[in-house]
Amino acid sequence: MDKFRHKYVLMKDKMEDMNPETREMVEILENESPAIRIGIVANYSDGYETRMLLTPEACGMLTSGGIKVCMESGAGSDISFPDEKYAEYGVRIVTRDEALSAPVVLCYTPLKAKDIKKMQKGAALLCMMDNILFEHSTVKALLDKKIATGCFDNMYSHNDEPVFANIIDEIDGRAAIMYAEEALSYLGGGKGVLLAGVAGINPCEVLIIGMGNDMISAAKAGAATGARVTLMDNDTSTLQVAKDLTGPMVEAIAVHPRVLYNRVKTADVIILGNTTRPFEFPNNLKAAMKENAYVLDMNETHPSVSVPRTVAMALSTALVNFFDEMAIKNGFYGMVATTPGVQFGIVTYEGKLVDKLIGSYLGLPSVDINVMLSAAN
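For this note's numbering, add 381 to where a residue sits in the sequence shown, where the first one is 1.
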């Protein structure tokens with residue numbers, strides 16, 4: 382019966398033309414399973430965040446399936462979509478307070494305490510992990526309201542892949558090279574050189590220190606521009622995997638003091654990330670850098686904020702599947718109870734803190750969500 386539900390929803394406006402049996406079926410379906418309601422909240426105007434989770438087309442896919450979507454007016458402006466575009470796809474444009482009152486609230490960065498207090502008690506907050514969740518006031522507000530908080534980038538798919546985190550990492554890596562190209566240009570305040578070079582001129586050298594999807598993505602993007610790219614890490618096995626992924630245009634080299642010094646000395650661009658084993662960039666190497674070398678620390682910035690529309694488009698497909706599964710499992714709480722991959726992303730649940738890292742940082746007790754779910758059954 383569920384697979385036909387969305388077809389009946391689309392036929393609501395034609396109920397007067399239906400025979401009594403069909404009209405009764407529509408009414409039964411609507412009363413049997415209340416539609417999921419999602420409220421999309423805009424980014425804070427005083428913050429750096431520009432990214433958004435859903436495009437108008439993705440919202441249209443949700444609304445056509447019977448999911449109700451409302452959005453704070455102006456929420457799509459960061460990705461260059463006006464309210465009218467979302468309205469075309471069945472999204473109801475509302476005030477911020479009304480969007481916050483939805484049973485499922487969707488935003489890129491977690492809400493601040495003042496907004497959490499406006500949410501329904503027991504509602505769900507779905508977002509990305511951010512430093513806001515490491516603040517006492519935020520966690521207290523979530524616990525007081527018994528909000529079920531889920532961070533997409535900590536969730537895993539059915540095949541044990543962090544789908545949402547992988548998407549953001551890939552965009553961050555590619556956008557990092559875009560940052561480097563702009564920084565080296567004259568208009569960007571650089572010395573006015575082309576990353577790829579031209580015939581008769583050596584290309585720029587890009588040194589990437591670290592491993593992960595963002596680093597590999599940056600290496601591939603840098604090589605695609607024609608730059609000379611070196612990827613360094615302190616674990617041989619991960620370098621072997623990275624070499625297969627990046628191809629012959631990228632040099633995959635182990636971190637060694639002398640080799641590292643020589644590469645730093647000639648690099649035009651240095652991108653720093655997390656290495657497989659603990660590593661700290663030596664201070665004495667800073668003196669060896671070129672005068673106008675561009676250094677980007679991926680732990681301190683997210684280049685994907687410069688391409689928020691790409692982020693929304695990339696995340697939308699995964700999120701449509703996520704919400705379709707949520708509808709099948711009768712809402713977010715049902716999804717959490719039956720989906721181990723989603724449980725990894727839960728921060729607070731039914732008035733309890735379940736994220737051990739946040740609990741340890743704030744000095745608060747945390748509970749194993751599996752224990753809570755087992756007790757509920």
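Where a beta carbon is used, it is the ideal one built from N, C-alpha and C, also for glycine.
What residue from the options has the CA that sits closest to residue i's CA?
| i | options | result |
| --- | --- | --- |
| valine 752 | Thr720, Ala605, Val735, Ala494 | Val735 |
| aspartate 541 | Ile589, His517, Gln724 | Gln724 |
| glycine 441 | Ser458, Arg473, Thr431 | Arg473 |
| leucine 745 | Asn664, Gly581, Ala557, Phe515 | Phe515 |
| serine 482 | Lys521, Leu588, Arg418, His517 | Arg418 |
| alanine 669 | Thr682, Ser685, Val640 | Val640 |
| glycine 654 | His683, Met694, Lys671, Asn702 | His683 |
| aspartate 471 | Gly446, Leu492, Glu479, Val485 | Per the sequence shown, residue 471 should be read as glycine rather than aspartate. The candidate whose alpha carbon is nearest that of glycine 471 is Gly446. |
| alanine 699 | Leu568, Thr476, Leu492, Pro543 | Pro543 |
| lysine 527 | Ala557, Gly503, Phe545 | Gly503 |
| serine 352 | Gly722, Ala416, Gly732, Ala756 | For residue 352 there is no data in the structure shown, the boundaries of the chain being 382 and 758. |
| threonine 476 | Gly420, His517, Leu487 | Gly420 |
| alanine 505 | Leu743, Leu487, Val574 | Leu487 |
| serine 566 | Phe662, Val574, Gly578 | Val574 |
| glycine 571 | Gly581, Tyr742, Tyr560, Val579 | Tyr560 |
| alanine 577 | Met679, Met630, Asp478, Lys499 | Met630 |
| serine 747 | Glu681, Pro638, Lys521 | Lys521 |
| alanine 416 | Gly428, Tyr429, Thr444 | Thr444 |
Leaving out five residues on either side along the sequence, give the residues of the same chain with a beta carbon under 7 Å from the beta carbon of residue i.
| i | result |
| --- | --- |
| methionine 509 | Tyr489, Thr490, Cys532, Phe533, Asp534 |
| isoleucine 750 | Gln724, Ile727, Tyr730, Val735 |
| threonine 657 | Met592, Asp614, Asn615, Asp616, Thr619 |
| aspartate 496 | Leu481 |
| leucine 754 | Ala718 |
| isoleucine 409 | Note that isoleucine 409 has pLDDT 41, beneath the 50 cutoff, so the model's placement of it is unreliable and the number below is only indicative. Excluding sequence neighbours, isoleucine 409 sits near nothing in its chain. |
| isoleucine 558 | Ala599, Ala602, Gly603, Thr606 |
| methionine 716 | Glu706, Met707, Lys710, Val723 |
Applying the 10 Å Cβ sphere with the 16-neighbour rule, what's the burial state of residue i?
| i | result |
| --- | --- |
| leucine 738 | exposed |
| tyrosine 730 | buried |
| asparagine 583 | exposed |
| lysine 393 | Below a pLDDT of 50, predicted positions are generally treated as unreliable, and lysine 393, at 45, falls in that range; the measurement from the model is reported next regardless. By the 10 Å Cβ count, lysine 393 comes out exposed. |
| aspartate 459 | buried |
| valine 485 | buried |
| alanine 546 | buried |
| threonine 530 | buried |
| serine 697 | buried |
| glycine 554 | buried |
| proline 659 | exposed |
| valine 692 | buried |
| valine 450 | buried |
| glutamate 562 | buried |
| serine 741 | exposed |
| alanine 708 | buried |
| lysine 498 | exposed |
| asparagine 680 | exposed |
| alanine 756 | exposed |
| tyrosine 594 | Note that residue 594 is asparagine in the sequence shown here, rather than tyrosine. Asparagine 594 is buried by the Cβ-count criterion. |
| alanine 580 | exposed |
| leucine 492 | buried |
| leucine 568 | exposed |
In terms of DSSP beta bridges, what is residue i paired with?
| i | result |
| --- | --- |
| valine 485 | Ile419, Ala505 |
| methionine 613 | Ile590, Ile634 |
| glycine 763 | Outside the displayed range of the chain (382 to 758) lies residue 763, so it cannot be described from this structure. |
| glutamate 551 | BP columns for glutamate 551 are empty, so no partner. |
| glutamate 672 | Its beta-bridge partners do not exist; DSSP assigns none. |
| glutamate 453 | Val475 |
| leucine 653 | Ile590, Asp678 |
| leucine 734 | Thr729 |
Using a Cβ-Cβ cutoff of less than 6 Å, which residues in the same chain neighbour residue i once the five nearest sequence positions on both sides are dropped?
| i | result |
| --- | --- |
| threonine 519 | Ala494, Ile513 |
| valine 701 | Ala439, Met442 |
| valine 587 | Gly603, Ala608, Val610, Val650 |
| threonine 431 | Asp459, Val686, Pro689 |
| phenylalanine 462 | Pro437 |
| methionine 596 | Ile589, Gly654 |
Tell me which same chain residues have a C-beta within less than 8 Å of the C-beta of residue i, skipping the five on either side of it?
| i | result |
| --- | --- |
| threonine 647 | Glu586, Lys671 |
| valine 645 | Leu588, Ile651, Leu666, Ala669, Met670 |
| tyrosine 642 | Leu666, Ala669 |
| leucine 524 | Thr729, Gly732, Lys733, Leu734 |
| glutamate 694 | Checking the displayed sequence, the identity of residue 694 turns out to be methionine instead of glutamate. Taken in chain order, the residues that qualify are Thr436. |
| methionine 536 | Pro543, Val544, Phe545, Gly722, Val723, Phe725, Gly726 |
For a cutoff of 8 Å on Cβ pairs, would you count residue i as touching chain D?
| i | result |
| --- | --- |
| valine 475 | Any reference to chain D falls outside this structure, which holds one protein chain only. |
At least 3 beta-carbon pairs within less than 8 Å: the stretch 462-472 vs the stretch 432-444: Yes, since at least three Cβ pairs between the stretch 462-472 and the stretch 432-444 fall closer than 8 Å, the two stretches touch.
Would you call the stretch 613-629 in contact with the stretch 547-564, where contact means no fewer than 3 C-beta pairs closer than 8 Å? The stretch 613-629, when compared against the stretch 547-564, does not touch it at the 8 Å Cβ threshold.
Given 8 Å as the limit, is there contact between the stretch 668-677 and the stretch 415-428, that is, 3 or more CB pairs closer than that? They do not touch, by the three-pair rule.
Count Cβ pairs between the stretch 711-724 and the stretch 451-461 that sit closer than 8 Å; are there 3 or more? no
With contact counted as at least three CB pairs below 8 Å, one residue from each stretch, are the stretch 600-615 and the stretch 630-643 in contact? yes
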